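Participant:
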Amino acid sequence: MLLLVPATVADVPIVHYRRLLVPLDGSCQAESTLPLAMRIAEAEDAELLLVHVVPVPELTEVGPLEAADIRLRQDVISRNEQVARQYLNRIRALVAERGIGARNVILSDNDVRSQLTRLIVEEAVDLVVLSAHGRSGRADVSCGSVASYLVTHAQAPLLLKLNGTLASARRMIPGSGRNGRFLSRAAL
Numbered sequence: 001m002l003l004l005v006p007a008t009v010a011d012v013p014i015v016h017y018r019r020l021l022v023p024l025d026g027s028c029q030a031e032s033t034l035p036l037a038m039r040i041a042e043a044e045d046a047e048l049l050l051v052h053v054v055p056v057p058e059l060t061e062v063g064p065l066e067a068a069d070i071r072l073r074q075d076v077i078s079r080n081e082q083v084a085r086q087y088l089n090r091i092r093a094l095v096a097e098r099g100i101g102a103r104n105v106i107l108s109d110n111d112v113r114s115q116l117t118r119l120i121v122e123e124a125v126d127l128v129v130l131s132a133h134g135r136s137g138r139a140d141v142s143c144g145s146v147a148s149y150l151v152t153h154a155q156a157p158l159l160l161k162l163n164g165t166l167a168s169a170r171r172m173i174p175g176s177g178r179n180g181r182f183l184s185r186a187a188l
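No gaps in the numbering here: position 156 of the sequence shown is 156 in the UniProt record's numbering, and each next residue is one more.
Have a look at this one:
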């Protein structure tokens, strides 16, 4: 774990976390932060913002898109938003079983990083709890592009979970996940 506090955060003697943002992309790595986020939320009586950013699909184009192409793109976005909603609802139900308040936030944009940065400010987030890697999980870099960007741009403290091993995150139970059939045990 690595706690990063930006210089823009006020220096106060006692820190209280009332709103925690947890970015989730459906990967075991991202879900592995949930136990920690839930423990903090329980201790601080904080709300969790469970966030998923749905990318806007790109279509190959040689000229202006036709109406059918625009409908196709919107259909894919709608489908992905529905899947994201179901995914976050399953996680929110698990969180609610522990008596923790949570809200789902689904955004649609190709720039996950700027959407999260904007949401941190708009929602007055006190702490962002995230994994160093998400879906890409590249082993050759210490942090993925989203985590790296938030380290330098987020206007809230980050609690960054470094991914040394994913052994515990790969133990799966029925529920949700990448293929819609599993949710990592880490999410419990």
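All residues carry an ideal CB built from backbone N, CA and C; glycine is no exception. No experiment lies behind these values; they were computed from the predicted model shown.
Going straight from the alpha carbon of A10 to that of L150, what length do you get?
Facilitator: The count along the sequence shown starts at 1 and reaches residue 10 at position 10. The count along the sequence shown starts at 1 and reaches residue 150 at position 150. Their Cα atoms are separated by approximately 18 Å.
Participant: I'd like the list of long-range same chain contacts for D126, defined as Cβ closer than 6 Å, with 5 residues on each side in sequence excluded.
Facilitator: The sequence position of residue 126 within the sequence shown is 126, counting from 1. For D126, where only same-chain residues beyond five positions count, the Cβ hits under 6 Å are Y17, R18, R19.
Participant: Hey, could you find the ends of the alpha helix (DSSP H) V151 is sitting in?
Facilitator: To locate residue 151, count along the sequence shown from 1; it is residue 151. Residues 145-153.
Participant: Whose CA, out of A37, T8, V15, lies closest to the CA of K161?
Facilitator: To locate residue 161, count along the sequence shown from 1; it is residue 161. Closest option to K161, Cα to Cα, is A37.
Participant: Return helix, strand or coil for T8, following the three-state DSSP convention.
Facilitator: In the sequence shown, residue 8 corresponds to position 8, counting from 1. T8: coil per DSSP, three-state reduction.
Participant: Express the C-alpha separation of L2 and L49 in angstroms, rounding to a whole number.
Facilitator: Translated into positions along the sequence shown, residue 49 becomes position 49. Translated into positions along the sequence shown, residue 2 becomes position 2. For the pair L49 and L2, the Cα-to-Cα distance works out to about 20 Å.
Participant: Assuming D109 contacts V56 (C-beta within less than 8 Å), just tell me the rounded distance between them.
Facilitator: Here residue 109 refers to the residue found at position 109 of the sequence shown. Here residue 56 refers to the residue found at position 56 of the sequence shown. Rounded to the nearest angstrom, the Cβ distance from D109 to V56 is 6 Å, consistent with a contact under 8 Å.
Participant: Is the beta carbon of E47 closer than 8 Å to that of R98?
Facilitator: The residue labelled residue 98 in the question sits at position 98 within the sequence shown. The residue labelled residue 47 in the question sits at position 47 within the sequence shown. Their beta carbons are not under 8 Å apart, which means R98 does not touch E47 by this criterion.
Participant: To the nearest angstrom, how far is the alpha carbon of A132 from that of T33?
Facilitator: Locating residue 132 in the sequence shown gives position 132, counting from the first residue. Locating residue 33 in the sequence shown gives position 33, counting from the first residue. Those two C-alpha atoms are separated by around 10 Å.
Participant: Could you tell me which of R39, V15, Q82, G63 sits nearest to V53, measuring between CA atoms?
Facilitator: Working through the sequence shown from its first residue, we reach residue 53 at position 53. The option with the nearest alpha carbon to V53 is Q82.
Participant: Mind checking which residues open and close the alpha helix (DSSP H) that includes R35?
Facilitator: Within the sequence shown, residue 35 is the residue found at index 35, counting from 1. The question names Arg, yet the displayed sequence has Pro at residue 35. Segment 34-44, the alpha helix (DSSP H) holding P35.
Participant: Report the CB separation of L130 from I106 in whole angstroms; it is logged as a contact under 8 Å.
Facilitator: For the purposes of this step, residue 130 is taken as the residue at position 130 of the sequence shown. For the purposes of this step, residue 106 is taken as the residue at position 106 of the sequence shown. With a Cβ gap of about 17 Å, L130 and I106 do not count as contacting.
Participant: In chain order, what are the residue ranges of uninterrupted beta strand (DSSP E) at least 3 long that sit wholly in the segment 76-129?
Facilitator: Qualifying beta strand (DSSP E) stretches, in chain order: 102-108.
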